[in-house]
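Chains Z and H supply the protein sequences, listed in that same order.
Under my numbering, think of the first position of the first sequence as 2, with each following residue one higher.
Under my numbering, think of the first position of the second sequence as 287, with each following residue one higher.
Report on the structure given below.
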Amino acid sequence: MSETATHRERGFLREAFANRSFATGTIITTLIVAMALLSFFWTPYDVTKLVVADRMLPPSWDHILGTDQFGRDVLSMIMVGARNSIAVALVAVGIGMGIGVPLGCWAAAKGGYIDDALMRANDVVFAFPALLSAIMITAVFGPGAINAIIAIGIFNIPVFARVARAGALSIRPREFVLAARAAGKGPMLITIEHILPNITTLLLVQGTIQFALGILAEASLSYLGLGAQPPMPSWGRMLFDAQTRMVVAPHLAIAPGMAIVFTVLGLNLIGDGLADLLDPKLRRRR
Amino acid sequence: MTAYLLRRIVSGLVTLVVASIVVFSVLEVIPGDPARLMLGMNATDDAVQALRVQMGLDQGFLIRYFHWTGGLLTLDFGKSYTYSVPVGELIAERVTVSLPLALIALALSTAIAIPVGVFAAARRGKPADTISMAVAQVGVAIPNFWFALLLVYLFAVWLQLVPAGGFPGWQAGIGPALKALILPAIALALPQAAILARVSRSALIEVLGEDFIRMARAKGLSRNAALWRHALRNAMLPVLTILGLQFAFLLAGTVIIENVFYLPGVGRLVVQAINQRDLIVVESVVMLLVASVILINLLVDMAYAVVDPRLRTRA
Numbered sequence: 002m003s004e005t006a007t008h009r010e011r012g013f014l015r016e017a018f019a020n021r022s023f024a025t026g027t028i029i030t031t032l033i034v035a036m037a038l039l040s041f042f043w044t045p046y047d048v049t050k051l052v053v054a055d056r057m058l059p060p061s062w063d064h065i066l067g068t069d070q071f072g073r074d075v076l077s078m079i080m081v082g083a084r085n086s087i088a089v090a091l092v093a094v095g096i097g098m099g100i101g102v103p104l105g106c107w108a109a110a111k112g113g114y115i116d117d118a119l120m121r122a123n124d125v126v127f128a129f130p131a132l133l134s135a136i137m138i139t140a141v142f143g144p145g146a147i148n149a150i151i152a153i154g155i156f157n158i159p160v161f162a163r164v165a166r167a168g169a170l171s172i173r174p175r176e177f178v179l180a181a182r183a184a185g186k187g188p189m190l191i192t193i194e195h196i197l198p199n200i201t202t203l204l205l206v207q208g209t210i211q212f213a214l215g216i217l218a219e220a221s222l223s224y225l226g227l228g229a230q231p232p233m234p235s236w237g238r239m240l241f242d243a244q245t246r247m248v249v250a251p252h253l254a255i256a257p258g259m260a261i262v263f264t265v266l267g268l269n270l271i272g273d274g275l276a277d278l279l280d281p282k283l284r285r286r287r
Numbered sequence: 287m288t289a290y291l292l293r294r295i296v297s298g299l300v301t302l303v304v305a306s307i308v309v310f311s312v313l314e315v316i317p318g319d320p321a322r323l324m325l326g327m328n329a330t331d332d333a334v335q336a337l338r339v340q341m342g343l344d345q346g347f348l349i350r351y352f353h354w355t356g357g358l359l360t361l362d363f364g365k366s367y368t369y370s371v372p373v374g375e376l377i378a379e380r381v382t383v384s385l386p387l388a389l390i391a392l393a394l395s396t397a398i399a400i401p402v403g404v405f406a407a408a409r410r411g412k413p414a415d416t417i418s419m420a421v422a423q424v425g426v427a428i429p430n431f432w433f434a435l436l437l438v439y440l441f442a443v444w445l446q447l448v449p450a451g452g453f454p455g456w457q458a459g460i461g462p463a464l465k466a467l468i469l470p471a472i473a474l475a476l477p478q479a480a481i482l483a484r485v486s487r488s489a490l491i492e493v494l495g496e497d498f499i500r501m502a503r504a505k506g507l508s509r510n511a512a513l514w515r516h517a518l519r520n521a522m523l524p525v526l527t528i529l530g531l532q533f534a535f536l537l538a539g540t541v542i543i544e545n546v547f548y549l550p551g552v553g554r555l556v557v558q559a560i561n562q563r564d565l566i567v568v569e570s571v572v573m574l575l576v577a578s579v580i581l582i583n584l585l586v587d588m589a590y591a592v593v594d595p596r597l598r599t600r601a
C-alpha cells in the first residue's frame, strides 16, 4: 500500500469516528460481538446444565440476569444466543451478497433481456412478504438454524442485486470506465477492476442494514419455534418461553429483547453513519 | 401515464403468475402425504388411496396446478383438509380480523410518523430533532413481538385495561372487538412508525433545500405555511413508497403478532395450516397475501400520479 493510501485511510477512520452514529454503533456492535466470541471460551454458567432448584430466580449477584424455567443462567444464554443470532444473520447476508451482487452487476453489464428478466425475477421475490415466506421455507424443510439462514438469505439476494445494479449503472457512464472499455477490457474485467471497488461502500451500507434485519428475522423465526432448536439458546426462543411466564417471572422477557434491540440498534447506527460519511450531499447539509 | 400504468398492470400480472408457480412448487416438496396425515397412521392403504383420488392428489403436477389456479380465478379455493370447510369461507372469516388489524396499524403508524417527521424536519439539528430521531432509531430496532410482550405485561397483566389475547368476534360488538385489537395494532404500528418518521423527515429536509421553497419564503410565506403547503406535498413520493412497502410488512407482521395475541386471523391460520400440512389453505393464503402486495404497489404507483401531477404527463 502506498503512503498516500494509508494516509487517506487514516483520515477516513478519523472522520468516521468523529461521526456520532458510526462511533456509537461501532462500540455497541463490538461489545455484542465480543460477548458472542467470549461465549466460545467462557460463560458464567454452563447453558446446558439444568438446576431445577434454582429455577426462575430474579436477578441477583449470583445470576446477574436471573435464571429461566430450567434454572439456567440467563446471562450465559444471552451470550450463547448472540453467537447464534450473529452467525445466522451474517451468513444470510453473505448468501445475499454472494449471489445478488454478481447478478446485479451482470444485469447492469448486459442490459436488454437479461436485465429485464433478472429484475422481473426480483419483483417476484419482493412480492412475497419476507417473513411469511421464511416461515413457509422453514416449515417445508424443517425448523433449524441452517434452514433459517437459507430462508433469510434468499430474501437478501434481490436486495443486493438491486443495489449492485443501480450502483453499477451509475458508474458505467463514467470516464474511467469508458477509458477501460476503449483500452479493450471486457465487461467482466471492467466489473471486477472498476465497478466493484466503486460500489463497495454502497454494498457495505446495505450489508449492515440487511444484517440488522437478519437479526430481527432470526429472532422472529426462533420465536415461532422455526429457528435454532433447543437446547441451543436463541433470543427469540427465550422470548417465547418468557411469554407464558410473564406473570411469575417478567425478568425473563427483558434481557433477550434488550439484546436484540442493542444489536439491531448498533448495526443500524453503523449503517447510518457510513451512509452519512459516503453521501457528500448529506454531509454538506449538516 | 396510461401506457405506464398498463405496463405496471401487465408486469404485476406476470409477477402473480410466476409467484403462483413458485408457491405451488415449493409446497409440492413438503414431506408427508396430506391424505395419510388426515386419516392418521392406522388408516388402511386403500382408504388413503381413495382419499387421494377424492382430493385429486393422484393427478399430475400440471393438471393440479391448472385446476388450482382455475379455482383461484373463480374464487373457488377448494376445501381445507383439516377443517373440511371451503378455504374461501375460512379465509373470509379470518380476514375480518387481519384486515382491520393491519389497517388500524397502518393508520396509527401514519398518524404518528408524519407529524413527528414534519416536527423533526422543521427543527433540524435542534435538540427536539435529535431526541425524536434517537427515539425513532430505537423504535426501528425493536422487534414487534417483543414490544407486544411488553405491552401485554403493562396493559393487560399489570393495569388490566385490555385483554392479554384472544378475540371475542365482531358479533360481540365493536367496542370489545376493537379493545382486543388495539394492543396488537400498536405493537405492529410503532416499529413501522419509527421507519416512516425517519423517511418523512429526510424527504422533507431534501425538499426544504429546494429553490421553490426559498422562493415561497421570499414571497413572504411563513416557515410553517411553506412547510405544510409546499414541502409536505413534494415530500410525499418517498413517503408513499414506504407506506406501500409497509403494508407488506404489516401483513407479514400480522403472522407473528396474531400468534402472540392468539388472534384468529389469516396469519395464525397460515401458521396452523403449515403445521397441519393443510397445503390448500397455505397456498391460498400465501397467494392472497402476494396478490394484495402486488395490488398495493400498483395503487401506490397510481397514487404517485395524484400526488405528483408531473408524472401524469410523463409517459
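Idealized CB from N, CA, C, for every residue including glycine.
Just so it is clear, the structure is predicted and the values come from calculations on it, not from any experiment.
Where residue i meets chain Z, residues with beta-carbon distance less than 9 Å
i: Asn-545 of chain H; result: Tyr-224, Leu-225
i: Leu-435 of chain H; result: Leu-240, Ala-243, Gln-244, Met-247, Ala-254, Gly-258
CB contact below 8 Å: residue i versus chain H
i: Ala-254 of chain Z; result: yes
i: Ser-221 of chain Z; result: yes
i: Gly-101 of chain Z; result: no
i: Gln-244 of chain Z; result: yes
i: Met-239 of chain Z; result: no
i: Pro-174 of chain Z; result: no
i: Val-265 of chain Z; result: yes
Neighbourhood of residue i by C-beta distance below 7 Å, restricted to the same chain and skipping five residues each side
i: Val-52 of chain Z; result: Gly-72
i: Ser-578 of chain H; result: Leu-537
i: Ala-165 of chain Z; result: Gly-101, Val-102, Gly-105, Cys-106, Ile-200, Leu-204
i: Thr-355 of chain H; result: Ser-306
Contact with chain Z by residue i, beta-carbon distance below 8 Å
i: Gln-423 of chain H; result: yes
i: Thr-360 of chain H; result: no
i: Ala-479 of chain H; result: no
i: Val-296 of chain H; result: no
i: Val-312 of chain H; result: yes
i: Leu-575 of chain H; result: yes
i: Ile-580 of chain H; result: yes
i: Ile-400 of chain H; result: no
i: Ile-542 of chain H; result: yes
Status (buried if at least 16 other CB within 10 Å, exposed otherwise) for residue i
i: Asn-242 of chain Z; result: The amino acid occupying residue 242 of chain Z in the given sequence is Asp; Asn does not appear at that position. When all chains shown are included, Asp-242 of chain Z counts as buried.
i: Asp-74 of chain Z; result: buried
i: Ser-3 of chain Z; result: Per-residue confidence for Ser-3 of chain Z stands at a pLDDT of 48, beneath the threshold of 50, marking its modelled position as unreliable; no derived number is given.
i: Gly-189 of chain Z; result: Note that residue 189 of chain Z corresponds to Met in the displayed sequence, not to Gly. Exposed: under 16 other Cβ atoms inside 10 Å.
i: Arg-487 of chain H; result: buried
i: Asn-85 of chain Z; result: buried
i: Met-327 of chain H; result: exposed
i: Met-501 of chain H; result: exposed
i: His-516 of chain H; result: buried
i: Val-81 of chain Z; result: buried
i: Pro-234 of chain Z; result: buried
i: Trp-432 of chain H; result: buried
i: Ser-395 of chain H; result: buried
i: His-353 of chain H; result: exposed
i: Pro-130 of chain Z; result: buried
i: Pro-159 of chain Z; result: buried
i: Glu-314 of chain H; result: exposed
Partners in chain B for residue i, counting only beta-carbon separations shorter than 9 Å
i: Leu-537 of chain H; result: The structure shown contains no chain B; its protein chains are Z and H.
Under 7 Å by beta carbon: chain H residues contacting residue i
i: Ala-54 of chain Z; result: Within chain H, no residue comes near Ala-54 of chain Z; the closest Cβ sits about 27 Å away, beyond 7 Å.
i: Ala-140 of chain Z; result: Ile-560
i: Pro-251 of chain Z; result: Tyr-439
i: Leu-217 of chain Z; result: Pro-429
Chain H residues whose Cβ lies nearer than 8 Å to that of residue i
i: Val-125 of chain Z; result: Thr-301, Val-304, Ala-305, Val-308
Beta-carbon neighbours of residue i, restricted to chain H and to distances below 9 Å
i: Asn-269 of chain Z; result: Gln-423, Val-426, Ala-427
i: Arg-121 of chain Z; result: Ser-297, Val-300, Thr-301, Val-304
i: Met-137 of chain Z; result: Val-309, Val-312, Leu-313, Val-556, Ile-560, Val-568, Val-572
Residue i: contacting residues in chain Z (beta-carbon distance under 7 Å)
i: Trp-432 of chain H; result: Leu-240, Gly-258, Ile-261
i: Val-443 of chain H; result: Met-247, Val-248
i: Ala-534 of chain H; result: Pro-130
Inter-residue CB distance, residue i and residue j (contact presumed, cutoff 8 Å)
i: Val-572 of chain H; j: Met-120 of chain Z; result: Between Met-120 of chain Z and Val-572 of chain H the Cβ distance is about 23 Å, and since that is not below 8 Å, they are no contact.
i: Ala-489 of chain H; j: Ala-521 of chain H; result: 4 Å
i: Thr-202 of chain Z; j: Leu-279 of chain Z; result: 5 Å
Chain-order list of residues whose beta-carbon lies under 6 Å from that of residue i (same chain, five-residue window excluded)
i: Leu-494 of chain H; result: Ala-517
i: Pro-257 of chain Z; result: Trp-236, Met-239, Leu-240
i: Glu-544 of chain H; result: Gly-551, Gly-553, Arg-554
i: Ile-428 of chain H; result: Pro-477
i: Ser-570 of chain H; result: Phe-363, Val-373
Sequence-distant residues of the same chain with beta carbon closer than 8 Å to residue i, five excluded per side
i: Met-98 of chain Z; result: Asn-157, Phe-161, Leu-204, Gly-208
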